[in-house]
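With this note's numbering applied, the sequence shown corresponds to residues 3 to 316, in that order.
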Amino acid sequence: MSNITIDQLHMALCEANSIMLTVHVRPDGDAIGSMLAFYEALVGQGKTVYMAVDDIVPEKYSFLTYADHIHDVAYFEENPVSVDMLMVLDASTYERIGKIGALHSAPIFNIDHHISNTQFADYLYLKSDFAATGEIITDLCKNWNWPITESMANALYMAIATDCGFFKFSNTTANTLAMAALCVEQGARPHIISERIEAVSAERLELTKSVMQTISFHKDNTVATIELDPIAMAILKDDTDGFVDIIRNVDTVDIAILLKGESHDRTRVSLRSKRTDVNAIAQQFGGGGHIRAAGCTITGDIEEAKKQLLEVIG
Ligand SMILES: [Mn+2]
Numbered sequence: 003m004s005n006i007t008i009d010q011l012h013m014a015l016c017e018a019n020s021i022m023l024t025v026h027v028r029p030d031g032d033a034i035g036s037m038l039a040f041y042e043a044l045v046g047q048g049k050t051v052y053m054a055v056d057d058i059v060p061e062k063y064s065f066l067t068y069a070d071h072i073h074d075v076a077y078f079e080e081n082p083v084s085v086d087m088l089m090v091l092d093a094s095t096y097e098r099i100g101k102i103g104a105l106h107s108a109p110i111f112n113i114d115h116h117i118s119n120t121q122f123a124d125y126l127y128l129k130s131d132f133a134a135t136g137e138i139i140t141d142l143c144k145n146w147n148w149p150i151t152e153s154m155a156n157a158l159y160m161a162i163a164t165d166c167g168f169f170k171f172s173n174t175t176a177n178t179l180a181m182a183a184l185c186v187e188q189g190a191r192p193h194i195i196s197e198r199i200e201a202v203s204a205e206r207l208e209l210t211k212s213v214m215q216t217i218s219f220h221k222d223n224t225v226a227t228i229e230l231d232p233i234a235m236a237i238l239k240d241d242t243d244g245f246v247d248i249i250r251n252v253d254t255v256d257i258a259i260l261l262k263g264e265s266h267d268r269t270r271v272s273l274r275s276k277r278t279d280v281n282a283i284a285q286q287f288g289g290g291g292h293i294r295a296a297g298c299t300i301t302g303d304i305e306e307a308k309k310q311l312l313e314v315i316g
């Protein structure tokens, strides 16, 4: 593994003729937006580019240009391609790209912003002070004078906005806003993106009513938990955005915990905080992420996961 500079990254991209892009499983707005924009940028540079994700791409991102060009592992097993480079965006571990890694023996490049990055790639371009991978991609295009088209601008704005809570979270910096402003200058439309991303179905709001009943407070109301049982998870199809914000917004709450029950012995956890280093908490369970937003998986049901977390928080 070696960390590379922006010039080394540029040179590697110039030399590659064919590139496969991929992102982490359970892709979020930053992953999808960054990949779609980088795809268009690289095609614009004359490259042959493929996009692969070892998971379902949530329907809410389908309004973005080239979203229908993303394929899964089965597609590339049936239609094999050979590439000069596997470019991993927004993923901090090799496991997070699922079975995409096994498709190729090409050198692995990684553009990421997670402080917990395991340095799995052959070449890593890590900007842990950036709010989103989309912020990095925008910055790269600006530095290299690569055109940012209107469709790229919309994808990049969505990537940046969704990873910083639409500019509310502590990872929002002057550079985050400057890169978002550049996207708007190039044609991104913030209100359209907000409407698409924040739209809810009546069914989802009905479910939210019952999920609100699971909220509980701990440690003098500085820690709050909210729970999605396996039935709720099946209805939500893994689109759990927004639930942790309900408790995060409580004035006394420092640590907000979303407990996602996958089965009776497996619970996925999303941690958000205003002060505490939740990356450190998540790492105690083999997870990670950022200082104020991290995740992990705990063996046990929701109650067991909650008990273990509250013990670690102390
Ligand atoms: Mn991200």
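From the three backbone atoms N, C-alpha and C, an ideal C-beta is built for every residue, glycine too.
Straight-line gap, residue i to residue j (C-alpha atoms, nearest Å)
i	j	result
Asn-173	Thr-164	12 Å
His-116	Val-83	29 Å
Trp-146	Lys-309	50 Å
Asn-119	His-193	32 Å
Cys-185	Asp-141	10 Å
Cys-16	Thr-50	12 Å
Gly-95	Thr-210	It should be noted that the sequence gives Thr, not Gly, for residue 95. Rounded to whole angstroms, Thr-95 to Thr-210 spans 32 Å at the Cα level.
Ser-4	Glu-97	19 Å
Ala-180	Asn-112	23 Å
Arg-250	Val-85	43 Å
Ala-133	Asp-114	10 Å
Phe-228	Ile-138	The question names Phe, yet the displayed sequence has Ile at residue 228. Rounded to the nearest angstrom, the two C-alpha atoms are 32 Å apart.
Gly-302	Asp-9	46 Å
Asp-231	Ala-258	17 Å
Ala-282	Met-53	32 Å
Contact set for residue i: own chain, Cβ-Cβ below 8 Å, skip 5 residues either direction
i	result
Glu-79	Leu-105
Ile-99	Thr-24, Val-25, His-26, Val-27, Asp-56, Val-90, Ala-93
Lys-221	Leu-312, Ile-315
Ala-69	Ile-34, Leu-38, Val-59, Tyr-63
Met-235	Thr-242, Lys-262, Gly-263, Glu-264
Ala-201	Lys-62
Glu-152	Gln-188, Gly-189, Ala-190
With 16 other Cβ atoms within 10 Å as the buried cut-off, status of residue i
i	result
Gly-244	exposed
Ser-218	exposed
Leu-207	exposed
Arg-270	buried
Ser-203	exposed
Tyr-41	buried
Gly-263	buried
Gly-288	exposed
Ala-18	buried
Gln-188	buried
Thr-178	buried
Gly-291	buried
Ala-307	buried
Cβ shell of residue i (< 6 Å), same chain only, five flanking positions each side left out
i	result
Gly-136	Asp-32, Gly-35, Ser-36, Leu-158, Ala-161, Ile-162
Asp-247	none
Ala-295	Arg-274
Asp-279	Ile-293
Asn-223	Thr-254
Ala-190	Ala-155, Asn-156, Tyr-159
Asp-124	Pro-109, Ile-110
Ile-6	Tyr-125, Tyr-127
heavy atom of ligand 1 below 7 Å from residue i C-beta
i	result
His-266	no
Asp-243	no
His-106	no
Asp-32	yes
Thr-210	no
Ala-134	yes
Asp-57	no
Asp-141	no
His-115	yes
Asp-323	Because the chain spans 3 through 316 in this model, residue 323 falls outside it and cannot be assessed.
Asp-222	no
Asp-92	yes
Asp-165	yes
Other residues of its chain near residue i: CB distance less than 7 Å, five sequence neighbours each side excluded
i	result
Asp-240	Arg-28
Pro-149	Gly-46
Ala-43	Cys-143, Trp-148, Met-154
Cys-298	Val-271, Ala-284, Phe-287, Gly-288, Gly-289
His-12	Trp-146
N- and C-terminal bounds of the alpha helix (DSSP H) containing residue i
i	result
Leu-207	204 to 214
Gly-178	The amino acid at residue 178 is misidentified as Gly; the sequence shows Thr. Element bounds for Thr-178: 176 to 187.
Ala-155	152 to 165
Met-235	232 to 238
Ile-58	Counting along the chain, Ile-58 falls outside any alpha helix (DSSP H), and DSSP gives it neither H nor E.
Val-83	Premise fails: Val-83 is in no alpha helix (DSSP H) and is neither H nor E.
Pro-192	192 to 200
Limits of the beta strand (DSSP E) - the one that residue i falls within
i	result
Leu-105	That residue, Leu-105, is in no beta strand (DSSP E); it is neither H nor E in DSSP.
His-220	218 to 220
Phe-169	Neither: Phe-169 is in no beta strand (DSSP E) and is coded neither H nor E.
Asp-114	110 to 114
Ala-296	295 to 301
Ser-265	257 to 265
Thr-24	20 to 25
Arg-268	268 to 275
Tyr-127	125 to 128
Closer than 8 Å to chain C by CB, residue i
i	result
Ala-123	In the structure shown, chain C does not exist; there is a single protein chain.
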